[in-house]
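To start, the structure under review is shown below, and the notes come after it.
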Amino acid sequence: MGRNDPLAAYNAKRDFARTAEPAGKRKSSATGNLFIVQKHDATRLHWDFRMEVDGVLKSWAVTRGPSPDPDDKRLAVQTEDHPLEYARFEGIIPEGEYGGGTVMLWDKGTWEPVEGKSAKDLEKGHLHFRLEGERMKGEWLLVRLKRRGNEKRDNWLLRKLDDAYAGQGDQLVERGLTSVLTGRTMAEIASDKAGSHSLKGKRGKAFASVMEEAGTHNRKVGKARGKAPSRARRNAPLPAFQPVQLATLVDTVPDGRQWLYEIKFDGYRALVAVRGTEVRVFTRSGLDWTEKFAPLARHLAGLKLPSCLIDGEIVAADADGNPDFSRLQAVLKRGHGEQGEGDALSFHAFDLLELEGEDLKPLPNVERKQKLAALLAGVSPPIHVADHIIGGGEKLLGALCGAGQEGIICKRADAAYAGKRTQNWLKVKCVARQEFIVVGFTRSSARRRPFASLLLAQREGKALVYKGKVGTGFDEDLLQDLATRFEALKVDEGPLDVPITEARGVTWLKPELVAEIAFAEFTAEGRVRHASFVGLREDKKAADVVPERPAPLVVQPEIVPISNRERVIFPESGQTKGDLADYYAAMAPAMLPFIANRPVSLVRCPQGRARHCFFQKHDSGSFGEHVHHVPIREKDGNEEEYLFVSDAAGILSCVQMGTIEFHGWCSLASDVEAPERMVIDLDPDEGLDFNDVKRAARDIRDRLSDLGLVSFAMLSGGKGVHVVVPLRPDHTWEAHASFAERFARALALAEPDRYVATMSKARRKGRIFIDWLRNRRGSTAVMPYSARARANAPVAVPIAWEELDDFANAHPFCIGDTAGLLKRSEGKSLRGWGMAQQSLPDV
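Okay, so the sequence shown: first residue is 2 according to the numbering used here, each after it adds one.
Right, here's the structure in full:
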């Protein structure tokens, strides 16, 4: 090997007769810009970050893994260059060999330097670049540190820059627990020492074949778990088109925490059906426009999503980055085969109607958006998840109008999705814009201009009604395009009555073309004033074009009257029933994604927490219309009506009846026999310190992580911590409870001085009870953001794992901390909390 061979160090360190790592020569990939990350459990666990540069993989060992938090600067020790073939390596490096241990392909994708930078900047000791991976995305920075003392390797810092993909804490490594190549956990890879997926002695095509077999095996195992409904869900067909929800035009922004506010995008409404690489893009009226939006369809196919139906908007941006309908039309006219610079279209997803065969439309808006965010976690342009805020609608409207945007959409946080126009979705515009039918044109005196203005109409009942003219907003290309379209539509007589003064010199057209027009207002005669042409709407039918008049905003009455608001419920702090109701009304948007449509048991304390309190799970109808019932078969074979709520009104109806706490099943009312969350409750003995509980919670997180399960922490509002594991509803209660019990007993057996897995008070002395019993059919656990019937009105609060050390007890928040809790719930650290698509491991 010559001195200039960049792989000389790599090859010299390895005995290829013993290790399955690929020997390689310098060569480039088809694109020349691959990057990968390998999770490597050797002498110590680390993540190997590798970027393709000049035919090799430049490599750094990142001790704690990449962090999405711009405040975290992770040490990255530069190691020897690796061959390109290493980009698909996953398996076991034998003990005693260099780097001996388990290797997982943790991330893969492409990289590029930002504008004005290049890979040569590495020689200068810094590189500013973008990643397009399955987990790592957006802008990153590598900076070399000066060597100190006898250091023989270069130390660098790897840092995430603040952009749309930035987050807080260690969400990337905490939630990325399986291989992006084969779907296996580190434990599964480590246990496959000489089985069907052994890489020993495998090279070239044989090596790639084994990797593919491992992926196929993993998918088969996933499909085989659980009962028949799981297979139906996982193999759900490509969804069909469904009618879309429409917004009602209003002049006033509704106020209150029950509303979500989103940008009103200036583009084409699109309903996107995806199943793996199958994609269909539908217009709002159900037309299949997949071919028109082929580049976007290819991007969506590349995500390889499960069967889902996503609602959103397709837009094109102007030079300032604002959505521009005229630019969108120009792009579509040229066709995706002729797109030029600045022509890229983007899809902004804002709702999820169906997932893996499950109808999500009955769920509250906030829960659908949570599921959408989890489904599209980490997506990169041109696919986006539309942001929203809760509260502050007037301020948002002012900011958007000042920035030249179209307006805002206001959506009730607790409303189901309805395929029609309702006041649960409202739109408030910065400038009036509506659709009109083009019924004629007037000739222009200018030679190069084929017409002077267009005559506009709208349908009112069965009649076409004249609405005035528009003569601005056309460029030369648009003028010629419209003139060409008009040729085939010319007729001798007008299709409506027009004042004779405005009908002179008009060439009449069949009323088929739909145009979007911006205007200042309607005059007293019903004509548009200061009108400007925006574009043709080929996704809308002329028969559907009617006047859009602002509807009076229906001020929601107090959804549930709360009686005896001054009754003191928490005597230690003096907080009242009214205080509790106000807390739940404000926190409903944060709480509904977890409690909605789930059978619940209530802790009712009608006279306050210091008096008689009791559990209630059945109801004969006394809670009112906002609290619903689901029949569930009991152990004795009889059916009983269990309670569940689906919106803020349901929660408040329970509060009106004296409810303080909400405890939920591990399954939904829509399928009570399919559990979809697991809760491990850490219940410490009286004498234990909270630090013991925090240590136990981290231990359980790590053990679950070893099994490939992502988990989340919640302070219970009492003494302990709940470790919450979201799951696909693809297994039985028997499998669910069995896994939870075996997991708890295994921990208790491994560390009997610390843990116990039985309820016995005598055996719990000085130990922590790992309460797995909440995972049996019919058992419940306290819900996120539920108040507790304890002194000073504490609440159960979701937290990020990295926050755990910051708390001295499990009840740091109370119902008086509403503003802070709302702000926390919308922050980066809790983004995606409690959401993950994962199944029970086959152990």
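Glycine is no exception: its CB is placed at the ideal position from the N, C-alpha and C atoms.
Using the C-alpha atoms, what's the distance from residue j back to residue i?
| i | j | result |
| --- | --- | --- |
| residue 253 | residue 655 | 31 Å |
| residue 480 | residue 334 | 14 Å |
| residue 380 | residue 306 | 11 Å |
| residue 788 | residue 661 | 6 Å |
| residue 637 | residue 779 | 13 Å |
| residue 225 | residue 842 | Summary for residue 225: the model assigns pLDDT 40, below 50, so the residue's position carries little reliability; its value from the coordinates is reported in the next sentence. For residue 225 and residue 842, the distance between alpha carbons rounds to 11 Å. |
| residue 692 | residue 809 | 8 Å |
| residue 8 | residue 361 | 53 Å |
| residue 706 | residue 321 | 44 Å |
| residue 291 | residue 283 | 7 Å |
| residue 13 | residue 704 | 37 Å |
| residue 858 | residue 469 | The structure shown has nothing for residue 858, since the chain only spans 2 to 844. |
| residue 140 | residue 378 | 16 Å |
| residue 736 | residue 775 | 14 Å |
| residue 303 | residue 132 | 16 Å |
| residue 688 | residue 807 | 21 Å |
| residue 297 | residue 134 | 18 Å |
| residue 847 | residue 514 | No answer is possible for residue 847: it lies beyond the span of the chain, which begins at 2 and ends at 844. |
| residue 73 | residue 143 | 13 Å |
Is it the case that the Cβ atoms of residue i and residue j are separated by a distance below 8 Å?
| i | j | result |
| --- | --- | --- |
| residue 25 | residue 53 | no |
| residue 576 | residue 794 | yes |
| residue 38 | residue 49 | yes |
| residue 925 | residue 441 | Any property of residue 925 remains undetermined from this structure, which presents the chain solely from 2 to 844. |
| residue 386 | residue 350 | yes |
| residue 726 | residue 712 | yes |
| residue 422 | residue 158 | no |
| residue 466 | residue 516 | no |
| residue 730 | residue 676 | yes |
| residue 617 | residue 728 | no |
| residue 40 | residue 137 | no |
| residue 376 | residue 353 | yes |
| residue 285 | residue 270 | yes |
On a Cα-Cα basis, can you pick out the residue from the options that is closest to residue i?
| i | options | result |
| --- | --- | --- |
| residue 10 | 49, 688, 322 and 60 | 60 |
| residue 659 | 563, 477 and 124 | 563 |
| residue 521 | 490, 478, 446 and 431 | 431 |
| residue 198 | 134, 212 and 459 | 212 |
| residue 565 | 608, 542, 541 and 538 | 608 |
| residue 86 | 72, 206, 403 and 542 | 206 |
| residue 699 | 531, 89 and 722 | 722 |
| residue 391 | 796, 475 and 257 | 257 |
| residue 346 | 312, 383 and 364 | 383 |
| residue 318 | 308, 311 and 330 | 330 |
| residue 544 | 437, 613, 519 and 491 | 437 |
| residue 443 | 249, 484 and 771 | 484 |
| residue 260 | 238, 366 and 323 | 366 |
| residue 553 | 251, 595 and 58 | 251 |
In chain order, what residues of the same chain lie with their CB nearer than 8 Å to the CB of residue i, ignoring the 5 residues before and after it?
| i | result |
| --- | --- |
| residue 191 | 42, 93 and 103 |
| residue 409 | 254, 262, 263, 264, 265, 394, 397, 398, 401, 428 and 429 |
| residue 75 | 63, 64, 65, 66, 67, 68, 158, 159 and 160 |
By a C-beta neighbour count over all protein chains shown, 10 Å radius and 16 as the cutoff for buried, is residue i buried or exposed?
| i | result |
| --- | --- |
| residue 109 | buried |
| residue 619 | exposed |
| residue 348 | buried |
| residue 407 | buried |
| residue 572 | exposed |
| residue 88 | buried |
| residue 389 | buried |
| residue 5 | exposed |
Grab me the residues of residue i's own chain with a C-beta within less than 6 Å of its C-beta, minus the 5 sequence neighbours each way, in chain order.
| i | result |
| --- | --- |
| residue 647 | 597 and 598 |
| residue 584 | 816 and 819 |
| residue 244 | 420 |
| residue 765 | 686 and 757 |
| residue 536 | 326, 327, 330 and 517 |
Using a Cβ-Cβ cut-off of 8 Å, state whether residue i counts as contacting chain B.
| i | result |
| --- | --- |
| residue 543 | Given the protein chain composition of this structure (a single chain), no chain B is represented. |
Apart from the five residues on each side of it in sequence, which residues of its chain come closer than 7 Å, Cβ to Cβ, to residue i?
| i | result |
| --- | --- |
| residue 825 | 831 |
| residue 628 | 620, 644, 646, 651, 654 and 655 |
| residue 20 | 94, 95 and 98 |
| residue 801 | 169, 170, 830 and 831 |
| residue 528 | 468 and 469 |
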